Structures are given as structure tokens and as C-alpha cells.
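Everything in the sequence shown is counted per this note's numbering, starting at 30 for the first residue and increasing by one. What follows is a single structure, written as C-alpha cells, with notes after it.
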Amino acid sequence: VAHGYTKGVGLAAEIIGTFVLVYTVFSATDPKRSARDSHVPVLA
């Protein structure tokens, strides 16, 4: 953790970043999304 930040702030940033990453992957691979949003081959 960089100087000036606490371990709690670092943990919170990691939790939020992980949530955003998992949410993005799940929404990109959701089979119920319409075909016009089909950008999964680009990500895979």
C-alpha cells in the first residue's frame, strides 16, 4: 500500500475492483443479452 493510505483503504479498493471485474465478465458472457451487444468474441 502506498504511503498515506491505510490497509483498510487498500482492501476496499481491491474489493471494489474485483467486483467491477467480475460484473464486467459476467455481463459480457451473459447468454440472454441481445445479439447487437455481442462483443464476446473480442473479449475471449
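Ideal placement from N, C-alpha and C gives every residue a C-beta, glycine not left out. It should be emphasised that the depicted structure is a prediction, and the values quoted were computed from it without experimental measurement.
Check G39 in the structure and name its three-state DSSP category.
-> In this structure, G39 counts as helix in the three-state DSSP scheme.
Backbone secondary structure at A57 - three-state DSSP | Of the three classes helix, strand and coil, the one that applies to A57 here is helix, per DSSP.
Reduced DSSP category for G33 - H, G, I as helix; E, B as strand; rest coil | In the structure shown, G33 sits in coil (DSSP, three-state: anything other than H, G, I, E or B).
Taking Cβ positions, are G18 and V49 nearer each other than 8 Å?
-> The displayed coordinates of the chain run from 30 to 73. Any statement about residue 18 would go beyond what the structure contains.
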